[in-house]
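Novice:
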Amino acid sequence: MLEPPKFIENDCYNGSRTFTWLADMVGLSVDLVNFLICQISALFLASLFRSVLHPSKVSSKLRHTFALSVGLAFGYFCFGQQAIHIAGLPAICYIVIRTQDPRIVQRAVLLVAMSYLLCVHLMRQLYDYGSYALDITGPLMIITQKVTSLAFSIHDGFVRGDEELTKAQQYHAIRKMPSALEYFSYVWHFQSILAGPLVFYKDYIEFVEGYNLLSSPSGNGNLENNKREVVLEPSPTKAVIRKVVGSLVCAFIFMKFVKIYPVKDMKEDDFLNNTSMIYKYWYAMMATTCIRFKYYHAWLLADAICNNSGLGFTGYDKDGNPKWDLISNINVLSFEFSTNMRDAINNWNCGTNRWLRTLVYERVPKQYGTLLTFALSAVWHGFYPGYYLTFATGAVVVTAARTGRRLFRHRFQSTQVTRMFYDILTCLITRVVLGYATFPFVLLEFMGSIKLYLRFYLCLHIISLVTIFILPKFIRGERRLRTSNGNGNVQPAGSGNVKDAVTTNGESAAALTAGNDLNEDREEDKHAQRKVNTSTHLQPAATLQNTTEQQPTEQSNNVNLRPRPQQLQAHLEKKPMSRCARDAVSVPHDQCEMDQLSSKLKEKIEAETKNIEEFIDKTVTETVSGIVEFKNDLMRDIEFPKLKLPGSNGGISLDSSTGVGLRKRNISSIHDNGTDPGNAPAEAEENGAAFLKKEIEVINAVVQQAVPAVLSNGHAK
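What the sequence shown shows, in this note's numbering, is residues 719 to 1435, in sequence order.
1. Which residues in the same chain as Leu1162 place their Cβ atom closer than 6 Å to its Cβ, once the five residues preceding and following it in sequence are excluded?
2. At the level of alpha carbons, what is the spacing between Leu1286 and Ala785?
3. Straight-line CA distance for Gln1085 to Tyr1079?
4. Here's the rule I'm using: 16 or more other beta-carbon atoms within 10 Å means buried, otherwise exposed. How should Asp874 be labelled?
5. Are the region 1064-1073 and the region 1111-1128 touching, with three or more C-beta to C-beta distances below 8 Å?
6. For the alpha helix (DSSP H) that His782 lies in, which residues bound it at each end?
7. Per DSSP, what kind of secondary structure is Gly856 in: helix, strand or coil?
8. For Leu1183, I'd like the list of residues in its chain whose CB is within less than 8 Å of its CB, leaving aside the five on either flank, ordered along the chain.
9. Report the option in Ile804, Ala1096 and Arg1075 whose CA atom is closest to the CA atom of Gly1087.
10. How many angstroms separate the CA atom of Asp988 from the CA atom of Ile1168?
11. Between the alpha carbons of Asn930 and Pro773, how many angstroms are there, rounded?
12. In whole angstroms, what is the alpha-carbon distance linking Tyr904 and Arg1194?
13. Looking only at its chain, what residues have a beta carbon closer than 8 Å to the beta carbon of Ser1374, apart from the 5 residues adjacent to it on each side?
14. According to DSSP, is Pro1040 part of a helix, a strand, or is it coil?
15. Please classify Asp742 as buried or exposed, where buried requires at least 16 neighbouring CB atoms within 10 angstroms.
16. Decide yes or no for the touch test of the region 809-823 against the region 912-929: beta carbon pairs closer than 8 Å, at least 3 of them.
17. Using 8 Å as the threshold, is the region 748-765 in touch with the region 1013-1033, meaning 3 or more CB pairs across them?
18. Exposed or buried, Cys730, counting other C-beta atoms within 10 Å across all chains shown (16 or more means buried)?
19. Assuming Gln1001 contacts Met973 under a Cβ cut-off of 8 Å, what Cβ separation, rounded to an integer in Å, is found between them?
20. Look at the alpha carbon of Ile872 and the alpha carbon of Phe1055, and state the distance between them as a whole number of angstroms.
21. Span of the alpha helix (DSSP H) holding Tyr1140?
22. Could you check whether Asn732 and Phe714 sit closer than 8 Å to each other, using their CB atoms as the reference points?
23. Starting from Trp1066 and walking both ways along the alpha helix (DSSP H), at which residues does that stretch end?
24. Assuming Thr855 and His839 form a contact by the criterion Cβ under 8 Å, report the distance between their Cβ atoms to the nearest whole angstrom.
25. Could you have a look at Tyr979 and say whether DSSP puts it in helix, strand or coil?
26. Does Gly1030 come out as helix, strand or coil in the three-state DSSP assignment?
27. When you compare the CB positions of Thr993 and Val1160, do they come within less than 8 Å of one another, or not?
28. Whole angstroms are fine: how far does the CA of Leu1178 sit from the CA of Val1151?
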């Protein structure tokens, strides 16, 4: 798969060979052709699943049955007899889930699933070493993520209290044991059986039963008779087209450039001995970049399949556009232009990041979080030595990057020019570090990787170790401010039963996604200030997403942070805060338990609120302009109180510009009652003013009823 178009036919491939003729025609191996046929078929079947098998038209049991049947068919078509493992692993884990105590079920399932997966990894490594042909280990890795995350969610729901859980764990906690149909549908559904992404059990069940799309926006309570507006389901067409096109572009780039920078050349003696170190760096960086586009292609296409079936909706942004990033596995541009290793890891394989965070980082002692997270990630991938070299190197450079950021970043924040220079410099450095750290992952071999590292003189390893252990002794880093509870103790803001406040030194509960660096400084927590206090799927989330990095000069004025009203109320009532899928998502929808209060976030919210208010004022003015003009006309009539009745002395008639019809009604009533004409102007003014006041009150009520209609369109909170 690494050197198209001359793919070597793999004799160990057990899948269907029906389309061998097509593989020969296009110059691809038959396993890749089968994979593409299944994914393209899944894309069209997803549209059928969303329309014909809509939850309002058919039962959830039919949707479950269809999803798992198609998934099994794809598995057998692509892997042949190896598909028995697709059935074997989840079947054994389901028996464990149904028979083991919920207090230990998560450990039992993790042990069984990982043991089964590692056995298959080892078998594959023995009979087909170093091959990139499509095999059963890929789907088994996804299934392992599903069954283990389900087991941990069952443990959280049956054993642990809400006060012990993070916001993501609270949302994903399962308090009802899944039936066999629900379980196997979740494991085998066709949208993600071949290439992912990981879908958590609760999100999948809500999707099948239709609850993820049929939510109603909040803010309609003031409408007449307390009726809610009809909410149309969002269309995923734009998101699907965008991701499919992106997938095709990535496939083209991979096919075009992988021939120029083949990975195998990095093992050749001629490359090692007859090229300069700079060229070696360049080649490693370009070769790994080309390989990444293969994963971009597969993940974007898989994400498009899920979206086309209606899976992945997370609500609307501030402009009312639907967002389909609940289970997105990759953010291509964010990864390629990341300015540090933390951002790069956050935007790569987001589903696996969420899985590793849920299983490891949030549940182990914080001092071991990084190491154990990288260790599980390496074991999950298999036994190739290159995996372990990559993750070991990654753990070192991530720690060094965090330390270096704290030592140097604040020195470049004085002007816009220096900030831009720092961002460009760190972006380029991150590209070099990624090539240096990840080439063993694609090279796979231990000695080949070690030889190339020796040609690099282990320079980045040495620089990383110096940055971690020596530089902090000579260079003063940025001062980190923490939240105090008033007694001198460092506590998260809004501390109580919900662990979603401020990340403190050594207590970053989820700052590490798949082995991310510990976010000990508040500068690196800017991405954690997202998706806060969302009550429904349709609540705008983008107003909290564009938080900028806080300047050191601003930090000194924002030490005392206070809990949100929602947090304080949840703490007093000892009830969990409202939770939704948006709270529990990660990439960029995946760090919900890291929500923090900071002055920068507050300023951003205030700015966005002001923009929303201006938009509402403009919209209301345009919508009810006729009513407002009528109201202004009535108010201007009060400025002409001196009127003469028809037939009185002088015989002067009412001027039409003063509102004849309205004033005739009031004045005629006075005249008919026999009131003294001399007092008519004053009484007419008094009664007319009372009538105008009543009319204005009615108009105000109409305007107040129109405002919720404007608010409910998704543009405002």
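Glycine is no exception: its CB is placed at the ideal position from the N, C-alpha and C atoms.
Quantities reported herein were computed from a predicted structural model and do not represent experimental measurements.
Specialist: Answer, in terms of the structure:
1. Translated into the one-based positions of the sequence shown, residue 1162 becomes position 444. Around Leu1162: Gly848, Tyr1102 and Gly1104.
2. For the purposes of this step, residue 1286 is taken as residue 568 along the sequence shown, with counting starting at 1. For the purposes of this step, residue 785 is taken as residue 67 along the sequence shown, with counting starting at 1. Reliability fails at Leu1286, whose pLDDT of 39 lies under 50, so the model's placement of it is uncertain and the value that follows must be treated cautiously. Rounded to the nearest whole angstrom, the C-alpha separation of Leu1286 and Ala785 is 43 Å.
3. Working through the sequence shown from its first residue, we reach residue 1085 at position 367. Working through the sequence shown from its first residue, we reach residue 1079 at position 361. If you take the alpha carbons of Gln1085 and Tyr1079, they lie about 10 Å apart.
4. Locating residue 874 in the sequence shown gives position 156, counting from the first residue. It counts as buried.
5. Not touching, per the Cβ criterion.
6. Counted from its first residue, the sequence shown places residue 782 at position 64. Taken as a continuous stretch (DSSP letters only), the alpha helix (DSSP H) holding His782 covers Ser778 to Phe797.
7. Translated into the one-based positions of the sequence shown, residue 856 becomes position 138. Helix.
8. For this step, residue 1183 is matched to residue 465 along the sequence shown. Cβ within range, chain order: Val1114 and Ala1118.
9. If you number the sequence shown from 1, residue 1087 lands on position 369. Among Ile804, Ala1096 and Arg1075, the Cα nearest to that of Gly1087 belongs to Arg1075.
10. Numbered from its first residue, the sequence shown carries residue 988 at position 270. Numbered from its first residue, the sequence shown carries residue 1168 at position 450. In a straight line, the C-alpha of Asp988 is about 16 Å away from that of Ile1168.
11. Counting from 1 along the sequence shown, the entry for residue 930 is found at position 212. Counting from 1 along the sequence shown, the entry for residue 773 is found at position 55. Those two C-alpha atoms are separated by around 11 Å.
12. For the purposes of this step, residue 904 is taken as residue 186 along the sequence shown, with counting starting at 1. For the purposes of this step, residue 1194 is taken as residue 476 along the sequence shown, with counting starting at 1. If you take the alpha carbons of Tyr904 and Arg1194, they lie about 51 Å apart.
13. For the purposes of this step, residue 1374 is taken as residue 656 along the sequence shown, with counting starting at 1. With a pLDDT of only 41 at Ser1374, under 50, the local geometry of the prediction cannot be trusted, and the value read off the model is given with reservation. For Ser1374, same chain residues with a beta-carbon under 8 Å away, outside a window of 5 residues either side, do not exist.
14. Counting from one through the sequence shown, the residue named residue 1040 turns up at place 322. Residue state, collapsed to three classes: strand.
15. Sequence index remark: in the sequence shown, residue 742 carries index 24 (1-based). Looking at its Cβ environment, which holds fewer than 16 other Cβ atoms inside 10 Å, Asp742 is exposed.
16. Segments in contact, no.
17. Output reads yes: the region 1013-1033 touches the region 748-765.
18. To locate residue 730, count along the sequence shown from 1; it is residue 12. By the 16-neighbour rule on beta-carbons within 10 angstroms, Cys730 is exposed.
19. In the sequence shown, counting from the first residue as 1, residue 1001 sits at position 283. In the sequence shown, counting from the first residue as 1, residue 973 sits at position 255. At residue 1001 the sequence reads Tyr, which differs from the Gln that was named. About 19 Å; that fails the 8 Å criterion.
20. Taking the sequence shown and counting its residues from 1, one reaches residue 872 at position 154. Taking the sequence shown and counting its residues from 1, one reaches residue 1055 at position 337. Using only the alpha carbons, I get a separation of about 38 Å.
21. Residue mapping note: residue 1140 aligns to position 422 of the sequence shown, counting from 1. Membership of Tyr1140 in the alpha helix (DSSP H) is indicated by the continuous run Gln1134 to Leu1161.
22. The requested residue 714 is not part of the displayed model; the chain covers only 719 to 1435.
23. Your numbering for residue 1066 matches position 348 in the sequence shown. Note, Trp1066: premise wrong, no alpha helix (DSSP H); not H, not E.
24. For the purposes of this step, residue 855 is identified with residue 137 of the sequence shown, where counting begins at 1. For the purposes of this step, residue 839 is identified with residue 121 of the sequence shown, where counting begins at 1. In this structure, Thr855 and His839 form a Cβ contact; the two beta carbons are roughly 6 Å apart against a cut-off of 8 Å.
25. As a working note, residue 979 is residue 261 in the sequence shown. Residue state, collapsed to three classes: coil.
26. If you number the sequence shown from 1, residue 1030 lands on position 312. In the displayed model, Gly1030 falls within coil according to three-state DSSP, outside both helix and strand.
27. Mapped onto the sequence shown, residue 993 falls at position 275. Mapped onto the sequence shown, residue 1160 falls at position 442. A distance of 8 Å or more separates the beta carbons of Thr993 and Val1160.
28. Here residue 1151 refers to the residue found at position 433 when the sequence shown is read from its first residue. Here residue 1178 refers to the residue found at position 460 when the sequence shown is read from its first residue. Those two C-alpha atoms are separated by around 8 Å.
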